[in-house]
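Engineer:
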Amino acid sequence: MFTKWRIFAVNHQRTFSVHLNTMCYCKIKANLKRLKTQLPLTRNYSSAPGIAGSDVKSLHSVINPPVAKIRNIGIMAHIDAGKTTTTERILYYSGYTRSLGDVDDGDTVTDFMAQERERGITIQSAAVTLDWKGYRVNLIDTPGHVDFTLEVERCLRVLDGAVAVFDASAGVEAQTLTVWRQADKHKIPRICFLNKMDKTGASFNYAVESIREKLKAKPLILQLPIGEARTFQGVVDVVNKEKLLWNSNSDDGKDFERMPLSEASDRELLKETIEARNSLIEQVADLDDEFADLVLGEFSENFDLVPAEKLQAAVHRVTLAQAAVPVLCGSALKNKGVQPLLDAVTTYLPSPEEREDRFLQWYEGDLCALAFKVLHDKQRGPLVFLRIYSGTLTPQLAVHNINRNCTERMSRLLLPFADQHVEIPSLTAGNIALTVGLKQTATGDTIVSSKSSALAAARRAGRGEREHGKKREAESLLLAGVEVPEPVFFCTIEPPSVAKQPDLDHALERLQREDPSLKVKLDPDSGQTVLCGMGELHIEIIHDRIKREYGLETYLGPLQVAYRETILNSVRATDTLDRVLGDKRHLVSAELEVRPAEEPCAVAKIEYADCVGEDLLQASREAIESAVHSACLQGPLLGSPVQDVAMTLHSLMIHPGTSTTMVTACISRCMQKALKKADKQVLEPLMSLEVTVSREYLSPVLADLAQRRGNIQEIQTRQDNRVVLGFVPLAEIMSLQLADG
Numbered sequence: 001m002f003t004k005w006r007i008f009a010v011n012h013q014r015t016f017s018v019h020l021n022t023m024c025y026c027k028i029k030a031n032l033k034r035l036k037t038q039l040p041l042t043r044n045y046s047s048a049p050g051i052a053g054s055d056v057k058s059l060h061s062v063i064n065p066p067v068a069k070i071r072n073i074g075i076m077a078h079i080d081a082g083k084t085t086t087t088e089r090i091l092y093y094s095g096y097t098r099s100l101g102d103v104d105d106g107d108t109v110t111d112f113m114a115q116e117r118e119r120g121i122t123i124q125s126a127a128v129t130l131d132w133k134g135y136r137v138n139l140i141d142t143p144g145h146v147d148f149t150l151e152v153e154r155c156l157r158v159l160d161g162a163v164a165v166f167d168a169s170a171g172v173e174a175q176t177l178t179v180w181r182q183a184d185k186h187k188i189p190r191i192c193f194l195n196k197m198d199k200t201g202a203s204f205n206y207a208v209e210s211i212r213e214k215l216k217a218k219p220l221i222l223q224l225p226i227g228e229a230r231t232f233q234g235v236v237d238v239v240n241k242e243k244l245l246w247n248s249n250s251d252d253g254k255d256f257e258r259m260p261l262s263e264a265s266d267r268e269l270l271k272e273t274i275e276a277r278n279s280l281i282e283q284v285a286d287l288d289d290e291f292a293d294l295v296l297g298e299f300s301e302n303f304d305l306v307p308a309e310k311l312q313a314a315v316h317r318v319t320l321a322q323a324a325v326p327v328l329c330g331s332a333l334k335n336k337g338v339q340p341l342l343d344a345v346t347t348y349l350p351s352p353e354e355r356e357d358r359f360l361q362w363y364e365g366d367l368c369a370l371a372f373k374v375l376h377d378k379q380r381g382p383l384v385f386l387r388i389y390s391g392t393l394t395p396q397l398a399v400h401n402i403n404r405n406c407t408e409r410m411s412r413l414l415l416p417f418a419d420q421h422v423e424i425p426s427l428t429a430g431n432i433a434l435t436v437g438l439k440q441t442a443t444g445d446t447i448v449s450s451k452s453s454a455l456a457a458a459r460r461a462g463r464g465e466r467e468h469g470k471k472r473e474a475e476s477l478l479l480a481g482v483e484v485p486e487p488v489f490f491c492t493i494e495p496p497s498v499a500k501q502p503d504l505d506h507a508l509e510r511l512q513r514e515d516p517s518l519k520v521k522l523d524p525d526s527g528q529t530v531l532c533g534m535g536e537l538h539i540e541i542i543h544d545r546i547k548r549e550y551g552l553e554t555y556l557g558p559l560q561v562a563y564r565e566t567i568l569n570s571v572r573a574t575d576t577l578d579r580v581l582g583d584k585r586h587l588v589s590a591e592l593e594v595r596p597a598e599e600p601c602a603v604a605k606i607e608y609a610d611c612v613g614e615d616l617l618q619a620s621r622e623a624i625e626s627a628v629h630s631a632c633l634q635g636p637l638l639g640s641p642v643q644d645v646a647m648t649l650h651s652l653m654i655h656p657g658t659s660t661t662m663v664t665a666c667i668s669r670c671m672q673k674a675l676k677k678a679d680k681q682v683l684e685p686l687m688s689l690e691v692t693v694s695r696e697y698l699s700p701v702l703a704d705l706a707q708r709r710g711n712i713q714e715i716q717t718r719q720d721n722r723v724v725l726g727f728v729p730l731a732e733i734m735s736l737q738l739a740d741g
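Start counting the sequence shown at 1; every next residue gets the next number (UniProt numbering).
(1) Identify every residue that forms a DSSP beta bridge with Asp704.
(2) Where do the N-terminal and C-terminal ends of the beta strand (DSSP E) with Ser570 fall, by residue?
(3) Going by alpha carbons, who is nearest to Lys214 out of Arg621, Leu177 and Trp246?
(4) If you draw a straight line from the C-alpha of Pro487 to the C-alpha of Glu275, how long is it?
(5) Consult DSSP for Ala324 and reduce its assignment to one of helix, strand or coil.
(6) Check each candidate in Leu261, Leu320 and Gly639 and name the one with the smallest Cα separation from Asp288.
(7) Span of the alpha helix (DSSP H) holding Met653?
(8) Starting from Ser390, trace the beta strand (DSSP E) in both directions and tell me its first and last residue.
(9) Just how far apart, CA to CA, sit Leu342 and Pro326?
(10) Assuming contact is defined by CB atoms lying nearer than 9 Å, are His655 and Cys611 in contact in what I supplied?
(11) Compare the C-alpha of Asn64 against each of Leu159, Asp377, Gly144 and Gly430 and name the closest.
(12) Would the stretch 696–714 and the stretch 625–645 be scored as touching if the rule is three or more Cβ pairs under 8 Å?
(13) Can you say whether Asn335 is buried or exposed, counting buried as having 16 or more other CB atoms within 10 angstroms of its CB?
(14) Taking C-beta to C-beta, are Leu220 and Val284 nearer than 9 Å?
(15) Which residues share a DSSP beta bridge with Phe417?
(16) Under 8 Å Cβ to Cβ from Leu245, same chain only, skipping five residues before and after it: list those, please.
(17) What separation, rounded to the nearest whole angstrom, lies between the Cα atoms of Ile140 and Leu159?
(18) Report the partner residues of Leu556 according to the DSSP bridge assignment.
(19) Would you check if the stretch 592–609 and the stretch 533–549 touch, i.e. whether three or more CB-CB distances between them fall below 8 Å?
(20) Would you report the Cα separation of Asp578 and Val594, rounded to the nearest angstrom?
(21) Taking Thr566 and Gln681 to be in contact with their CB atoms under 8 Å, please state how far apart those CB atoms are, rounded to whole angstroms.
(22) Going by C-alpha distance, which of Asn302, Lys83, Pro352 and Ile541 is nearest residue 821?
(23) Going along the chain, which residues of its own chain have a beta-carbon closer than 7 Å to the beta-carbon of Ile28, five neighbours each way excluded?
(24) Tell me the residue span of the alpha helix (DSSP H) that contains Met662.
(25) Counting along the chain, where does the beta strand (DSSP E) carrying His586 start and finish?
(26) Is the distance from the Cβ of Val345 to the Cβ of Ile191 below 9 Å?
(27) Considering only C-alpha positions, which residue in the set Phe303, Cys155, Gln719 and Asp615 is nearest to Leu370?
(28) Relative to the C-alpha of Ala731, which residue among Ser210, Val561, Thr658 and Ile493 is closest?
(29) What residues are listed by DSSP as bridge partners for Val399?
(30) Return the chain-ordered ranges of every beta strand (DSSP E) run that is complete within the stretch 158–232 and spans a minimum of 3 residues.
(31) I need the DSSP call for Ser54, collapsed to helix, strand or coil.
(32) Would Thr84 be called buried (16 or more neighbouring beta carbons within 10 Å of its own) or exposed?
(33) Count the other C-beta atoms from every protein chain shown that fall within 10 angstroms of the C-beta of Glu228, then say buried if there are 16 or more, exposed otherwise.
(34) Go ahead and label Gln713 buried or exposed: buried means 16 or more other beta carbons lie within 10 angstroms of its beta carbon, across all protein chains shown.
(35) Using DSSP with H/G/I as helix, E/B as strand and the rest coil, what is Glu151?
(36) Considering only the beta carbon of each residue, do Lys676 and Pro636 sit closer than 9 Å?
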């Protein structure tokens, strides 16, 4: 989602953009029995691969497969593109479940929260571990609703690859752009799955073209559909020149035929496939020098002779380099095309060793992991999801948290299976683990084996960087955490009685630890607790969870939009604070200037004039910065936070013996004076809007958007429909409901 701030003032037309993400929590069920060697069979779960049943493997090979055989992937998409349905089919065909779940029936594995099953949407991401043809696949199903985009963000942070699911009738949609940009930021290789090929209006060519135009990506067509909409029967494997047809009498899609295309029975289809394969070879040769040398050297006369294995290896390299994206198609709901998608995941997406972070060399195989999700279980306490980048995790292991500078002991180690978990004796690098017992760890924390290990890695990093003529601090050994956006909605929340306030505070503290995008603050004027979130649905879900999980009937105040304030001109202000406390005199005098920042910034930029002494700054810098930031928390117009402001301190005089508290008070008061004197304006959040509507309803939709103060940017044609693109104030589109699939 993109949010923009539009200025209320008529005389100023600048528009600022803010990238918003949102989050989700994960999926864990309370009252879970302690698991040793096999999964309890609730809801027709199959046994954990290799742990129970007829699959005869050593426990170590099951839990810790070779790193080259591991795939950490996420499923990401726009609302209702079919992420959860695709995940459900993947679990069924891999043997993890014994029956097909359905979003509408509320019995899918990854959507197990009561709120998810009632609404038919994904709220929390769910991690599932499965095996497919000798590969270990750690899969995370993510939300599609814009309110929970932060959950996509923090999951992509720890994944090695992603499957982007598209509605074949709509192509690239609004939230698709957001999750694609998130994947770009984390440099995630991905493949595209054009879902819903059986849907009325489905168009393979349109969807591929939208990927090329809107995402600025280079699609590599690895499959062609056999029919579209009602005539969709199967897919053509372009690489191997084979057709895959699913048995129409099969209820679960397990039965399908893979047959070579023949000149006799599939003349037109074979011709189209050969053209697509030649085009694919040319595309890949342009992007991969090794493959280009092979093609030009041995197969320049006839591309048909290029071996499928060589072409697949080249596509893998191109995908890993993020130079292009493989495109496949199918219909998850109709159980077609999911098995080839799983094959593509193992063939084209990278293993953890192909995505190693460069700085891991400083740890020399010692433990290094990133905490990317925290949950609370009533029986087991905090459950922390870790991505292991190097080393090995074992139960009862004492680990050091670099971010919080503390050592904790994990009591148990689990392998995640959505809301079911398997207890395991160890887990190696490249895997995703669920730990019990880490009470201080939060999202984004870096976990190592000990403090001495972190210091040793810092020393090795320092030597390595000095050899390259660079200076490196120990903090650079921290794994990059997750950027949490500022909330855009807020409302008051009150317990049923004053006696229940501690219980509410406890519930909110736990929910904030699970969900970094949820902010809680105390209103200084009224003393009320204020809940800040990413959207109406986000706050509604939090309210519902407090009721269901903590048994508190809370009351929400009216939902309000989080406005911002800024200034239009430069202003100087001076202030002197002179107090005598006891036998000490506290005297501070300051002169500063506030002005509009050159670039948009959420936090005020602070500069110091040359005449301000360095010795004075060293003693007071922290107090000055604290004063400026606190002064910007409440603007002079609406009491909203002030942004896009820069401050220069021109002079500062501090009497000997003056406390830093008095310095903070003086600077803060001077800053507030300057903000009041400047020309001010209110900024309101703008939403990027995309409306798909049939031609006959276009005029009423445009009239409605005009009433909502919308700004129409473009009207596109999508088959028989019209797509309206524009911006609308967030306050004008509150209460509009969206669905997730």
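Using N, Cα and C, we set each Cβ at its ideal position, and we do this for glycine too.
Structural biologist: According to the structure shown:
(1) Within the sequence shown, residue 704 is the residue found at index 704, counting from 1. Residue pairing for Asp704: DSSP places it in no beta bridge.
(2) Residue 570 sits at position 570 when you count from the first residue of the sequence shown. No beta strand (DSSP E) contains Ser570, which DSSP labels as neither H nor E.
(3) By 1-based counting over the sequence shown, the position of residue 214 is 214. Nearest C-alpha to Lys214: Leu177.
(4) Here the question's residue 487 lines up with position 487 in the sequence shown. Here the question's residue 275 lines up with position 275 in the sequence shown. Cα-Cα distance, rounded: 50 Å.
(5) As a working note, residue 324 is residue 324 in the sequence shown. In the three-state reduction of the DSSP assignment, Ala324 falls in the coil class, being assigned neither a helical nor a strand state.
(6) For this step, residue 288 is matched to residue 288 along the sequence shown. Comparing Cα positions, the closest option is Leu320.
(7) Reading the sequence shown from its first residue, position 653 is the one you call residue 653. No alpha helix (DSSP H) holds Met653; the beta strand (DSSP E) holding it covers Val645 to Ile654.
(8) On the sequence shown, residue 390 is found 390 positions in, with the first residue counted as 1. Ser390 -> beta strand (DSSP E) spans Gly381 to Ser390.
(9) Start at 1 with the first residue of the sequence shown, and residue 342 comes out as number 342. Start at 1 with the first residue of the sequence shown, and residue 326 comes out as number 326. For the pair Leu342 and Pro326, the Cα-to-Cα distance works out to about 13 Å.
(10) Against the sequence shown, residue 655 aligns to sequence position 655. Against the sequence shown, residue 611 aligns to sequence position 611. Not a contact, by the Cβ cut-off of 9 Å.
(11) The count along the sequence shown starts at 1 and reaches residue 64 at position 64. Shortest Cα-Cα distance from Asn64 to any of Leu159, Asp377, Gly144 and Gly430 involves Gly430.
(12) No: the two stretches stay apart, fewer than three of their Cβ pairs being nearer than 8 Å.
(13) On the sequence shown, position 335 is the one that residue 335 refers to. Buried, because 16 or more other Cβ atoms sit within 10 Å of the Cβ of Asn335.
(14) For this step, residue 220 is matched to residue 220 along the sequence shown. For this step, residue 284 is matched to residue 284 along the sequence shown. Yes.
(15) Taking the sequence shown and counting its residues from 1, one reaches residue 417 at position 417. Answer is Val128 and Gln420, bridged to Phe417.
(16) As a working mapping, residue 245 is identified with position 245 in the sequence shown. Excluding residues within five positions, the ones whose Cβ falls inside 8 Å are Ile226, Gln233, Gly234, Phe256, Glu257 and Met259.
(17) Here residue 140 refers to the residue found at position 140 of the sequence shown. Here residue 159 refers to the residue found at position 159 of the sequence shown. Taking the straight line from one Cα to the other gives about 9 Å.
(18) Position 556 of the sequence shown, counted from the start, is the residue given in the question as residue 556. In DSSP, Leu556 forms a bridge with Ile493.
(19) The stretch 533–549 makes no contact with the stretch 592–609; the number of CB pairs closer than 8 Å stays below 3.
(20) To locate residue 578, count along the sequence shown from 1; it is residue 578. To locate residue 594, count along the sequence shown from 1; it is residue 594. Straight through space, the alpha carbons of Val594 and Asp578 are spaced by roughly 23 Å.
(21) Position 566 of the sequence shown holds residue 566. Position 681 of the sequence shown holds residue 681. About 6 Å separates the two Cβ atoms, so the contact holds.
(22) The structure shown does not extend to residue 821, since the chain spans only 1 to 741, so no value can be given for it.
(23) Reading the sequence shown from its first residue, position 28 is the one you call residue 28. Low local confidence applies: a pLDDT of 28 at Ile28 is under 50, so the model's placement there is unreliable, with the coordinate-based value given in what follows. Within the same chain, Ile28 has close Cβ partners Leu375, Asp377, Leu383 and Asp419.
(24) For this step, residue 662 is matched to residue 662 along the sequence shown. Thr660 to Lys677 is the span of the alpha helix (DSSP H), which, as asked, contains Met662.
(25) Locating residue 586 in the sequence shown gives position 586, where the first residue counts as 1. Its beta strand (DSSP E) spans residues Lys584 to Pro596.
(26) The residue labelled residue 345 in the question sits at position 345 within the sequence shown. The residue labelled residue 191 in the question sits at position 191 within the sequence shown. Going by C-beta atoms, Val345 is nearer than 9 Å to Ile191.
(27) What you label residue 370 is simply residue 370 of the sequence shown in a count that begins at 1. Closest option to Leu370, Cα to Cα, is Cys155.
(28) Locating residue 731 in the sequence shown gives position 731, where the first residue counts as 1. The residue with the shortest Cα to Cα distance from Ala731 is Val561.
(29) Along the sequence shown, read from residue 1 onward, the residue named residue 399 stands at position 399. DSSP output for Val399 lists Glu408 as bridge partner(s).
(30) Counting only runs of 3 or more, we get 161–167, 190–195, 219–221 and 223–226.
(31) Walking along the sequence shown from the start, residue 54 turns up at place 54. Because the pLDDT of Ser54 is 33, which lies under 50, any placement of that residue in the model is unreliable, and the number read from its coordinates should be weighed accordingly. The three-state reading of DSSP puts Ser54 in coil, since its state is none of H, G, I, E or B.
(32) Sequence index remark: in the sequence shown, residue 84 carries index 84 (1-based). By the beta-carbon neighbour count (other beta carbons within 10 angstroms, threshold 16), Thr84 is buried.
(33) For the purposes of this step, residue 228 is taken as residue 228 along the sequence shown, with counting starting at 1. Label assigned to Glu228: buried.
(34) On the sequence shown, residue 713 is found 713 positions in, with the first residue counted as 1. Counting the other Cβ atoms within 10 Å of the Cβ of Gln713 gives fewer than 16, which makes it exposed.
(35) For this step, residue 151 is matched to residue 151 along the sequence shown. Shown here, Glu151 sits in a helix according to DSSP, grouped into three states.
(36) For this step, residue 676 is matched to residue 676 along the sequence shown. For this step, residue 636 is matched to residue 636 along the sequence shown. Result yes, Cβ atoms of Lys676 and Pro636 sit closer than 9 Å.
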